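The structure appears below as structure tokens.
Numbering (the working numbering), first residue to last: 7 to 130.
Here's what the structure looks like:
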């Protein structure tokens, strides 16, 4: 039996915090530092505004050395934005960063690679 308490601005936010805490206790979700959550939210907000270059700049430190499970928070929206921009240089830059990460630290989860490939298929 798990017990979690959540604090938030709204009742819904408090429930979300409590649910996340329970998932972390159960081992279904790896805990992430608040700065990683904030950085991911900033990346996604930047991409929502259509600024792919700034989104990539903000994402680069997390891609290179952030917690591997943090990639799920922003990598697919970043990849979609890059594909939509048709900028092959930026796409190659992301792939190179992911390749380097894979070479030095064991990599990127397979489900993220598969999702990125699926996004490419959606373009055709």
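Even for Gly, the Cβ is constructed at its ideal location relative to N, Cα and C.
From a predicted model like this one, the values you see are computed outputs, not experimental measurements.
**Message:** Pop quiz: residue 49 and residue 61 are said to be a contact at Cβ under 8 Å. What is the actual Cβ separation, rounded to whole angstroms?
**Reply:** The pair is a contact, with the Cβ atoms about 5 Å apart (cut-off 8 Å).
**Message:** According to DSSP, simplified to helix, strand and coil, what is residue 55?
**Reply:** The answer is coil: DSSP assigns residue 55 none of H, G, I, E or B.
**Asked** Does DSSP classify residue 73 as helix, strand or coil?
**Response** DSSP places residue 73 in coil when its eight states are reduced to three.
**Item:** Residues near residue 124 by beta carbon distance below 6 Å, same chain, minus five either side
**Value:** None.
**Where residue 109 falls, given that 16 or more other Cβ within 10 Å makes a residue buried** = Taking a 10 Å sphere around the C-beta of residue 109, we find fewer than 16 other C-beta atoms and assign the residue as exposed.
**Request:** Report yes if the C-beta distance between residue 58 and residue 88 is below 8 Å; otherwise report no.
**Result:** At the C-beta level, residue 58 and residue 88 come within 8 Å of one another.
**Span separating the alpha-carbon of residue 116 from that of residue 83** = Rounded to the nearest angstrom, the gap between the Cα atoms of residue 116 and residue 83 is 17 Å.
**Item:** Endpoints, alpha helix (DSSP H) assigned at residue 88
**Value:** Looking at the DSSP string, the run of the alpha helix (DSSP H) that includes residue 88 is 81-91.
**Prompt:** Apart from the five residues just before and just after residue 79, which ones in its own chain have a Cβ nearer than 7 Å to its Cβ?
**Reply:** Closer than 7 Å at the Cβ level, and outside the excluded window around residue 79, lie 46.
**Prompt:** From residue 118 to residue 16, what distance separates their C-alpha atoms?
**Reply:** Cα-Cα distance, rounded: 32 Å.
**Asked** Taking just the CA atoms, how far does residue 42 sit from residue 92?
**Response** The straight-line gap from Cα to Cα measures roughly 28 Å.
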